[in-house]
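Numbering of the sequence shown is given in our numbering, commencing with residue 38 and proceeding in unit increments.
Where a beta carbon is used, it is the ideal one built from N, C-alpha and C, also for glycine.
Quick notes on the structure that follows.
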Amino acid sequence: MRKRDVPFLFRLNKEEADAFRERVKKSGISQEAYVRQAITGKTPREAPPPDYYSMMRELHKIGNNLNQIAQKAHTLNVIDVQRYDSDMRKFDEAVRLITEAVVLPEKAE
């Protein structure tokens, strides 16, 4: 059974419809998702540039490599574990901030 089973119809004039379609197109999400975000107090962002996804894949590869190094280092006890863990938290935070700044919708004022 569908979660969203209440149809909702509203009317726009030509200018409003054009502006709405343009914003939806720039966001890269469906009209329905755009409206859902708007009614929950968020402003959908424009879709990120194609480079964003390749950069994030690269960052995740680096993070995975760091995790593998950490696992080996923990067993061999050959690196500064506290420093590594601190750097790993910084890396994770950087990924989160980039995603938040580029992809996630903004809270509407």
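Per the C-alpha coordinates, the member of 131, 132, 107 positioned closest to residue 120 is 107. The C-beta distance from residue 79 to residue 144 rounds to 6 Å, short enough to fall under 8 Å. It is roughly 8 Å from the alpha-carbon of residue 103 to the alpha-carbon of residue 125. The Cβ atoms of residue 140 and residue 85 lie closer than 8 Å to each other. Secondary structure note for residue 102: its alpha helix (DSSP H) is the uninterrupted segment 87-113.
The beta-carbon separation of residue 142 and residue 74, rounded to 5 Å, stays under the 8 Å limit for a contact.
Membership of residue 128 in the alpha helix (DSSP H) is indicated by the continuous run 118-139.
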